[in-house]
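Chemist: Input: one structure, supplied below.
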Amino acid sequence: MTAQRADAAARRALILDAADHVFGQHGVTAPLDLVVERAQVGRATLYRNFPDRTALIQALLQRTVDRIRRQVEQLGDRDDALFEVFEGMAQRIIDSPALADYWRAVDSDVPSMRAARETVRDLLEEPIARAKAAGLCRADLEKTDISLISGMLGAALRGKTRDERAQLAGRALQLLRGGLQGATSEAR
Numbered sequence: 001m002t003a004q005r006a007d008a009a010a011r012r013a014l015i016l017d018a019a020d021h022v023f024g025q026h027g028v029t030a031p032l033d034l035v036v037e038r039a040q041v042g043r044a045t046l047y048r049n050f051p052d053r054t055a056l057i058q059a060l061l062q063r064t065v066d067r068i069r070r071q072v073e074q075l076g077d078r079d080d081a082l083f084e085v086f087e088g089m090a091q092r093i094i095d096s097p098a099l100a101d102y103w104r105a106v107d108s109d110v111p112s113m114r115a116a117r118e119t120v121r122d123l124l125e126e127p128i129a130r131a132k133a134a135g136l137c138r139a140d141l142e143k144t145d146i147s148l149i150s151g152m153l154g155a156a157l158r159g160k161t162r163d164e165r166a167q168l169a170g171r172a173l174q175l176l177r178g179g180l181q182g183a184t185s186e187a188r
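FYI, the UniProt record's numbering numbers position 34 of the sequence shown as 34, with every residue one higher than the one before it.
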């Protein structure tokens, strides 16, 4: 990578970090000038990287998908990888409360949104299979259940402070683990 490309990638990452912080503090409708100010870049740099708010939010979503991908890769063939990924998702909700807003802010029919959701489901297909094979989760868990599970973890966003979100996320994980380890439901 050339020095120019490395600088551009660094500025892009800086903008994404700034947007994550600003949106976490003020919501996804915060003025983009706050992102520019936090990233210490010019407006032209912001718009050269992200032509509009939707493009910025989609990049934040893609970064989330990439983090999940890296976590799945790092966990390798562990039988409990699925639950570790859920804990990672909960931690991101605690640390970045605007994360759930990113998923809601862009129309779910937008191709990039459908692709992001499907990618996460596909990434978790093998961990689900390993957890089932090891008897760590119910046999009827499907990759399509991941959106529902994400929503359950997202309930932790009701906490007004980081500590409240951590407490709610911990309880959600506890209930989720218990429910996923329970007997297969007859009425599915």
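C-beta: ideal position from N, C-alpha, C; glycine also. A quick note: this is a predicted structure, and the numbers were derived from the prediction, not measured.
If we count the other Cβ atoms within 10 Å of its Cβ and call it buried at 16 or more, is A116 buried or exposed?
Modeler: buried
Chemist: Can A35 and R43 be called in contact, C-beta distance under 7 angstroms?
Modeler: Position check: residue 35 holds Val in this sequence, whereas Ala was assumed. It is not a contact, given that the beta carbons lie outside the stated cut-off.
Chemist: For T29, is the classification buried or exposed, using 16 other Cβ atoms within 10 angstroms of its Cβ as the cut-off for buried?
Modeler: exposed
Chemist: According to the Cβ coordinates, are P127 and A172 closer than 7 angstroms?
Modeler: no
Chemist: Under a three-way DSSP split, which group does V35 fall into?
Modeler: Helix, per DSSP.
Chemist: By DSSP, does F50 sit in helix, in strand, or in coil?
Modeler: coil
Chemist: Taking its Cβ as the centre, do 16 or more other Cβ atoms sit within 10 Å of T161, making it buried, or is it exposed?
Modeler: exposed
Chemist: Use the C-beta contact count for A6: other C-beta atoms within 10 angstroms, 16 or more gives buried, fewer gives exposed.
Modeler: exposed
Chemist: Are there three or more Cβ pairs, one per stretch, closer than 8 angstroms when the region 95–107 is compared with the region 48–59?
Modeler: yes
Chemist: Give me, in chain order, the residues of the same chain whose beta-carbon lies closer than 7 angstroms to that of L16; leave out the 5 immediate sequence neighbours on both sides.
Modeler: A59, L60 and R63
Chemist: Counting only the same chain and skipping the five closest in sequence on each side, list residues whose C-beta sits under 6 angstroms from that of A18.
Modeler: Hits under 6 angstroms: V35, R38 and A39.
Chemist: Quick one: what does DSSP say G170 is sitting in, helix, strand or coil?
Modeler: Helix.
Chemist: Is E126 helix, strand or coil when you go by DSSP?
Modeler: helix
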